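Quick notes on the structure that follows.
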Amino acid sequence: MALRPLLTRRTLASASGFSSNGGITTSFRGLQTFSLPDLPYDYGALQPAISGEIMQLHHQKHHQAYITNYNKALEQLHDAMSKGDAPAVVKLQSAIKFNGGGHVNHSIFWKNLAPIQGGGGEPPKGSLGWAIDNHFGSLDALVQKMNAEGAALQGSGWVWLGVDKELKKLVVETTSNQDPLVTKGPSLVPLIGIDVWEHAYYLQYKNVRPDYLKNIWKVINWKYASELYGKECP
Amino acid sequence: MGSFSLHASCLAKHNLPWSNGCSQNLNSLRIPALQRGPGFLSRKASKILAFYGLKSPPYALDALEPYMSKRLLETHWGEHHHGYVEGLNKQLEKNDILYSYTLDELVKVTYNNGNPLPEFNNAAQVWNHDFFWESMQPGGGGMPELGLLQQIEKDFGSFTNFKEKFIEASLSLFGSGWVWLVLKRQEKRLEVVKTSNAVNPIAWDDIPLMSLDTWEHAYYQDYKHDRGKYVNAFMNHLVSWHVVTARIIRAEAFVNLGEPKIPVA
Chain A
167 MALRPLLTRR TLASASGFSS NGGITTSFRG LQTFSLPDLP YDYGALQPAI SGEIMQLHHQ
227 KHHQAYITNY NKALEQLHDA MSKGDAPAVV KLQSAIKFNG GGHVNHSIFW KNLAPIQGGG
287 GEPPKGSLGW AIDNHFGSLD ALVQKMNAEG AALQGSGWVW LGVDKELKKL VVETTSNQDP
347 LVTKGPSLVP LIGIDVWEHA YYLQYKNVRP DYLKNIWKVI NWKYASELYG KECP
Chain B
9 MGSFSLHASC LAKHNLPWSN GCSQNLNSLR IPALQRGPGF LSRKASKILA FYGLKSPPYA
69 LDALEPYMSK RLLETHWGEH HHGYVEGLNK QLEKNDILYS YTLDELVKVT YNNGNPLPEF
129 NNAAQVWNHD FFWESMQPGG GGMPELGLLQ QIEKDFGSFT NFKEKFIEAS LSLFGSGWVW
189 LVLKRQEKRL EVVKTSNAVN PIAWDDIPLM SLDTWEHAYY QDYKHDRGKY VNAFMNHLVS
249 WHVVTARIIR AEAFVNLGEP KIPVA
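Just so you know, the sequences run in chain order A and B. Heads up, the final residue of the first sequence is numbered 400 in our numbering, and it's a clean run with no missing numbers. Heads up, the final residue of the second sequence is numbered 273 in our numbering, and it's a clean run with no missing numbers.
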């Protein structure tokens, strides 16, 4: 298991008697703070598709930074709100969207991946598999589409397979920077997100993003995506 | 760099008068194209293509060590920058109107007031990277002097304030982009500006003086996630105040920064 840093907010909070719930700690002011979720596999478990070095940096540095800055922004927001400082509240929105989005997106991402022994790369069966064939023609066609859109994305962002929970339809979308999928449509639920920020692949693939996209499918956790799909489209 | 040698050999061929191989080429020449530059004459008889080449940084690829490694520059310049040039040339092959523009004009036209055309990303990134390499030098950093320093102190309060502002902008830029020291044409003052992805201040007619690439590929191999360390290395050891001075001197031909000094007879 990936080791959490020894002194997390959670440990400190439990030591001082605050309530603790998963990755969320509630302080005495009722303000929730977030902490880094554990990976359900070792850093090296996704090799050779994604190197252990990348997984460690991605998790411990990048994701952690989003969480730290998200907590900071939320605290500043709380202050600004209690003072009634409207300009300050509005000014904080971009930091909240960026860092909060980063936390949301990466939390999904870790669950979207699994080591090959843990079922990573195994094609979806059941209702999701059928829906993919129905909507895109085949799993291959879906993969080609997502790879093309991911490679064409300029700058930083994510490529998503999502389901529109109102229309019960599968969609492929891209979002820029750390915008969550919901920014592309309020009824969109992410099933699989692939991080195409350079930090997600650079140390291993350098500028060849298409190679990263080709290889990541070997460790995509379709079981988790199928569960989510089953919940939205029973 | 292969495209440059093609250029040289093509020109040499056309200097040979009336040899059989050449007369065929000469007949296919459209003379006005010869006067266009930078350009080269394609071997295809029917089409003449203008192209952009990959400009080298004004220093060897290992000259910025240890603040920017040779390995990083080989990837950043040799793969990323090179890729933008190749991509741009491929797009220009299909577009007769655009290929006759200079790079500056191309960036402004394809920016299209914020609704960029497909060529914008490549054109602007070629421009941006040319400008970025030239904004650095081995043994850079330190402080600007004389008129440039005075202008910075006038517009930012102090050089330290400017430095803090620049670093803060680099750290708070979300996603990929560039941080610029810019001379604002209308306001006639220096400012620190952040832009996303490939966007460039010449698109709204301001005059960039210096830039920092904050795309992750610009620092990841040397500094990994630590953008702060990278920005500090740039400010303290890489930025070329000589180049910035030269640029602002040229800019003053277009923007009055103070009262004009009219000599008294």
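Beta carbons: idealized from backbone N, C-alpha and C, even for Gly. In this text, all values refer to a predicted model and were calculated from it rather than measured experimentally.
With A:Phe200 as the anchor, note down where its alpha helix (DSSP H) starts and where it stops.
-> Per DSSP, A:Phe200 belongs to no alpha helix (DSSP H); it is in the beta strand (DSSP E), 198-200.
Specify, as a first and last residue, the run of the alpha helix (DSSP H) that B:Gly95 falls within.
-> 90-101
Spatial neighbours of B:Gln145 in its chain, beta-carbon cut-off 6 Å, leaving aside the 5 residues before and after = Ser248
Can we say the stretch 224-238 of chain A touches the stretch 252-269 of chain A, given the rule of at least three CB pairs closer than 8 Å?
-> yes
Expressed to the nearest angstrom, what Euclidean distance is found between the alpha-carbon atoms of A:Ser260 and B:Ala177?
-> About 14 Å.
Indicate whether the contact test is met: 3 or more Cβ pairs, each with one atom in the stretch 284-304 of chain A and one in the stretch 202-210 of chain B, closer than 8 Å.
-> no
Anything in chain B within Cβ reach of A:Lys277, meaning under 7 Å, just list it in chain order.
-> Within chain B, no residue comes near A:Lys277; the closest Cβ sits about 22 Å away, beyond 7 Å.
Environment of B:Pro66 [buried if 16+ CB atoms lie within 10 Å] | B:Pro66 comes out exposed.
Is there a Cβ from chain B that is less than 9 Å from the Cβ of A:Ile382?
-> no
Taking buried to mean at least 16 other C-beta atoms within 10 Å of its own C-beta, is B:Ser262 buried or exposed?
-> Going by the sequence as given, residue 262 of chain B is Phe instead of Ser. Exposed.
On a CA-only basis, which of B:Tyr75, B:Val134, B:Leu81 is nearest B:Leu96? Give me that one, please.
-> Among B:Tyr75, B:Val134, B:Leu81, the Cα nearest to that of B:Leu96 belongs to B:Val134.
Checking contacts by CB at 9 Å: is B:Ser219 closer than that to chain A?
-> no
In the DSSP assignment, what are the bridge partners of B:Arg197?
-> B:Lys192
Quick one: what's got a C-beta closer than 7 Å to B:Thr83's C-beta in the same chain, skipping five residues either side?
-> Gln229
Any heavy atom of the ligand NAD closer than 8 Å to the Cβ of A:Glu398?
-> By its list of ligands, the structure shown contains no ligand whatsoever, and the ligand NAD lies outside what it can speak to.
Whole angstroms is fine: what's the gap from A:Pro290's alpha carbon to A:Asp208's?
-> 23 Å
Could one say the Cβ of A:Lys227 lies closer than 9 Å to chain B's Cβ atoms, at least one of them?
-> So, interface residue.
Just the C-alpha distance for A:Tyr390 and A:Pro356, rounded to the nearest angstrom, thanks.
-> Taking the straight line from one Cα to the other gives about 11 Å.
First and last residue of the uninterrupted alpha helix (DSSP H) at A:Val256 | Note, A:Val256: alpha helix (DSSP H), 252-278.
Taking DSSP as the reference, what is the three-state secondary structure of A:Asp330?
-> Secondary structure of A:Asp330 (DSSP, three-state): strand.
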